[in-house]
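Asks: Chains A and B supply the protein sequences, listed in that same order.
Just so it is clear: in the first sequence, position 149 is 149 by this note's numbering, and no numbers are missing.
Just so it is clear: in the second sequence, position 85 is 1085 by this note's numbering, and no numbers are missing.
Following this message is one structure expressed as structure tokens.
2 protein chains.
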Amino acid sequence: MDLTSPSLEPVSAAQDELQRLCLCAGSGDLSCAICDSFDHLDVKIRRMARGDLIAHEQAYRSALLMVRYGLLATTKQLSGRRRQLVSLRQPGEVFCSINAFDQSFRTLALAPSDVIILKLETLSDATVTDYLFQLAHAELLNLSSRTVLLGRMTAAERVLSFLNELVEHQGETSGDSVQVDLAMTREDIADYLGLKAETVSRVLGRVRNTGLIVFDGPTHFSVPDPAALRGFDAMAV
Amino acid sequence: MDLTSPSLEPVSAAQDELQRLCLCAGSGDLSCAICDSFDHLDVKIRRMARGDLIAHEQAYRSALLMVRYGLLATTKQLSGRRRQLVSLRQPGEVFCSINAFDQSFRTLALAPSDVIILKLETLSDATVTDYLFQLAHAELLNLSSRTVLLGRMTAAERVLSFLNELVEHQGETSGDSVQVDLAMTREDIADYLGLKAETVSRVLGRVRNTGLIVFDGPTHFSVPDPAALRGFDAMAV
DNA sequence: CGCAAAACTTGATCTAGATCAAGGCACCGA
DNA sequence: TCGGTGCCTTGATCTAGATCAAGTTTTGCG
């Protein structure tokens, strides 16, 4: 299948796929009550290349989106080539286009990605609105932490917080080593953390020197001791 | 009435007061459908001094809060006397304690304030849940803009954005001069904008020199031409 | 009114992180 | 396999805003 051009295609197996994803560990987000009502829903899968946008016309008010693999982000572009990534959408995460803020924000793929799109015809259904409220509430928690990070944390604290966010999303298995594939460039990370790519590179280098993370190519690393990383003091790097 | 010590007192007229506030211009936030069901609700008014907290035990999951006058903020305290104001709650604004993020955030009064508290026993009621969803969504919009401001804007841009936020909340009347009472210290403003008090003071001084705002004491100023302030380029200050 | 504490302003200096610059590495297509 | 185009790293320098340091104004209270 061609990865370089975006396509919006109905996929017969998508429904099963989504149901499967609902049950797998990484996606506890999607309530089973929702899954149970799939028969009534319009499900599509969209394959995206890096840079492809989720257009506002396509992502209807009444659509739930799930990242099957890859990485999306909701971003804001400012004057003078300044950019801020407001929310990262990692594999297994479900989000709703109405929580993607407003027309001045864009949701795009940072890496080749597959997104499952459920058009919800029946927004008035109590199960669905409850779920949307849960999603909005989770997003509020994310954004409030993000606000603190961007307003008051040092570069080292931001990068360590980001690394821990990645590790937590991987779902460490009982203190074992965790593999993380960060499918974004240093500049993407910088735009997420309110820094510059050079600063991200320098801080990552210093964290690497502590041995808390072990790089295996620039976009993949492992964390031998996730608890140690979590407890690590940013002042020491 | 004593302003220096907080008290939580049932006020017979609070219900009427809130209804009145619902209808007045500055508080279009609170839907009239909610107001119509006041008979079933438990309404109290709380007078707060600067620094008083809205305790998590008091602000039940099922409570709506409205600032009658004064100024509240939801804040996060970090190590080393660092603080971030995440959300400002201005007069007329309604918010819900479940949108005040989590236990690690505190909502407190930045100035002597009156807060009207509605305990909602019937969270399952569709009108109420719809309204809570609207509040959560409005908060998401606020926080996403805040993220961009903190991540990528210069000090001048942050302060101008803040001034415009204040003016907008006052609700300018057809391009006329707007009076703004900022019931917060320079340090509060700094903690809201991710800056230091000295920087806020310097930038406000420079904005004052342009004539776009006219100070009448450190906590009160007027904006002769709100449109000019809105259109003003931060590079010029 | 008068004093003390808090808040504000303004200047001088410092620094974390940005910017500028130059190689090095890795992935991709021919 | 080879070349090229993005990335990534690392060093040198610069700067916006922080920090340090006085004064000054405002506020609140006896």
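All C-beta atoms, glycine included, are put in the ideal place defined by N, C-alpha and C.
Bear in mind that the values here come from a model prediction, so they are computed numbers and not experimental data.
Just curious, the beta strand (DSSP E) that residue 1070 of chain B is in, first and last residue?
Replies: Unbroken beta strand (DSSP E) run through residue 1070 of chain B: 1063 to 1077.
Asks: Counting only Cβ-Cβ distances shorter than 9 Å, please list the residues of the region 72 to 97 of chain A near chain B, keeping chain order.
Replies: Taking 9 Å as the Cβ-Cβ cut-off against chain B, the residues of the region 72 to 97 of chain A that qualify are 74, 76, 78, 82, 83, 84, 85, 86, 87.
Asks: According to DSSP, what are the bridge partners of residue 48 of chain A?
Replies: A:113.
Asks: Just the C-alpha distance for residue 1120 of chain B and residue 1097 of chain B, rounded to the nearest angstrom, thanks.
Replies: Roughly 12 Å between the two C-alpha positions.
Asks: Report the CB separation of residue 148 of chain A from residue 1076 of chain B in whole angstroms; it is logged as a contact under 8 Å.
Replies: Right, their Cβ atoms sit about 5 Å apart.
Asks: Compare the beta carbon distance of residue 1108 of chain B and residue 1188 of chain B with 8 Å and say whether it is the shorter of the two.
Replies: Contact: no.
Asks: By Cβ distance below 8 Å, which residues in the same chain neighbour residue 25 of chain A in space, the five residues on each side in sequence not counted?
Replies: At residue 25 of chain A the pLDDT is 31, less than 50, meaning the model places this residue with poor confidence and gives no usable figure here.
Asks: Please report how far the alpha carbon of residue 1133 of chain B lies from the alpha carbon of residue 62 of chain A, in whole angstroms.
Replies: Spanning the two alpha carbons is a distance of roughly 15 Å.
Asks: For a quick check, are the C-beta atoms of residue 1139 of chain B and residue 140 of chain A less than 8 Å apart?
Replies: Yes, they are a contact pair.
Asks: Quick check on the burial criterion: 16 or more other C-beta atoms within 10 angstroms. Buried or exposed for residue 1137 of chain B?
Replies: Residue 1137 of chain B should be labelled buried.
Asks: So is residue 1231 of chain B in contact with chain A if we call contact Cβ pairs under 8 Å?
Replies: Judged by the 8 Å Cβ criterion, residue 1231 of chain B is not in contact with chain A.
Asks: Out of A:43, A:79, A:42, A:233, point me to the one whose CA is closest to residue 259 of chain A's CA.
Replies: It is not possible to answer for residue 259 of chain A, since the shown part of chain A is limited to 1 through 237.
Asks: Does chain B have any CB closer than 8 Å to the CB of residue 148 of chain A?
Replies: Residue 148 of chain A counts as touching chain B.
Asks: Is residue 101 of chain A close to chain B, meaning its C-beta is less than 8 Å from at least one C-beta of that chain?
Replies: It does: the Cβ of residue 101 of chain A has a partner Cβ on chain B nearer than 8 Å.
Asks: Does residue 255 of chain A come out as helix, strand or coil in the three-state DSSP assignment?
Replies: The structure shown does not extend to residue 255 of chain A, since chain A is modelled only from 1 to 237, so the question has no answer here.
Asks: Answer yes or no: does any C-beta atom of chain A fall closer than 8 Å to that of residue 1137 of chain B?
Replies: By this cut-off, residue 1137 of chain B is an interface position.
Asks: Going by Cα to Cα distance, which pick from A:193, A:125, A:47 is closest to residue 161 of chain A?
Replies: Considering only alpha carbons, the answer is A:193.
Asks: Please classify residue 78 of chain A: is it buried, with 16 or more other beta-carbons within 10 angstroms of its beta-carbon, or exposed?
Replies: Per the 10 Å Cβ criterion, exposed.
Asks: In chain A, which residues lie less than 8 Å from residue 1166 of chain B when you measure between Cβ atoms?
Replies: Per Cβ cutoff of 8 Å: no residues; residue 1166 of chain B is ~19 Å from chain A at best.
Asks: Kindly say whether residue 1133 of chain B, judged by its beta-carbon, lies nearer than 8 Å to any beta-carbon of chain A.
Replies: It does; some Cβ of chain A falls within 8 Å.
Asks: Can you say whether residue 1183 of chain B is buried or exposed, counting buried as having 16 or more other CB atoms within 10 angstroms of its CB?
Replies: Residue 1183 of chain B is buried by the Cβ-count criterion.
Asks: With a threshold of 16 other CB atoms inside 10 Å of the CB of residue 209 of chain A, please say whether the residue is buried or exposed.
Replies: By the neighbour-count rule (16 or more Cβ atoms within 10 Å), residue 209 of chain A is not buried but exposed.
Asks: Residues of chain A with a CB under 8 Å from the CB of residue 1140 of chain B: which are they?
Replies: 99, 101, 136, 139, 140, 143, listed in chain order.
Asks: For residue 220 of chain A, which residues of its own chain have a beta-carbon under 8 Å away from its beta-carbon, when the five flanking residues on both sides are left out?
Replies: Hits under 8 Å: 179, 180, 181, 182.
Asks: Give the DSSP-derived three-state secondary structure of residue 137 of chain A in the structure shown.
Replies: Residue 137 of chain A: helix per DSSP, three-state reduction.
Asks: Could you tell me the alpha carbon to alpha carbon distance between residue 1226 of chain B and residue 1198 of chain B, rounded to whole angstroms?
Replies: Cα to Cα, residue 1226 of chain B sits roughly 25 Å from residue 1198 of chain B.
Asks: Taking all protein chains shown into account, do 16 or more other C-beta atoms lie within 10 angstroms of the C-beta of residue 23 of chain A, making it buried, or fewer, making it exposed?
Replies: Only weak support exists for where residue 23 of chain A lies, its pLDDT of 43 falling under 50; the coordinates are left without a value.
Asks: Any C-beta of chain B sitting closer than 8 Å to the C-beta of residue 151 of chain A?
Replies: At least one chain B Cβ lies under 8 Å of residue 151 of chain A.
Asks: Within 10 Å of its beta-carbon, does residue 115 of chain A have 16 or more other beta-carbons around it, so buried, or fewer, so exposed?
Replies: The residue is buried, with at least 16 neighbouring Cβ atoms inside 10 Å.
Asks: Taking the C-alpha atoms as reference points, what is the distance between residue 69 of chain A and residue 1095 of chain B?
Replies: Their Cα atoms are separated by approximately 36 Å.
Asks: Which same chain residues, not among the five before or five after residue 1085 of chain B, have their C-beta less than 6 Å away from its C-beta?
Replies: Answer for residue 1085 of chain B: 1073, 1075, 1191, 1192, listed in chain order.
Asks: For residue 168 of chain A and residue 110 of chain A, what's the separation of their Cα atoms in angstroms?
Replies: Near 20 Å, if we compare the C-alpha coordinates of residue 110 of chain A and residue 168 of chain A.
Asks: How is the beta strand (DSSP E) around residue 1056 of chain B delimited, first residue to last?
Replies: Here residue 1056 of chain B belongs to no beta strand (DSSP E), and DSSP marks it neither H nor E.
Asks: Grab the span of the alpha helix (DSSP H) containing residue 1159 of chain B for me, first residue to last.
Replies: Its alpha helix (DSSP H) spans residues 1155 to 1170.
Asks: Check this for me: beta carbons of residue 1177 of chain B and residue 1224 of chain B, under 8 Å apart or not?
Replies: For residue 1177 of chain B and residue 1224 of chain B, yes; Cβs fall inside 8 Å.
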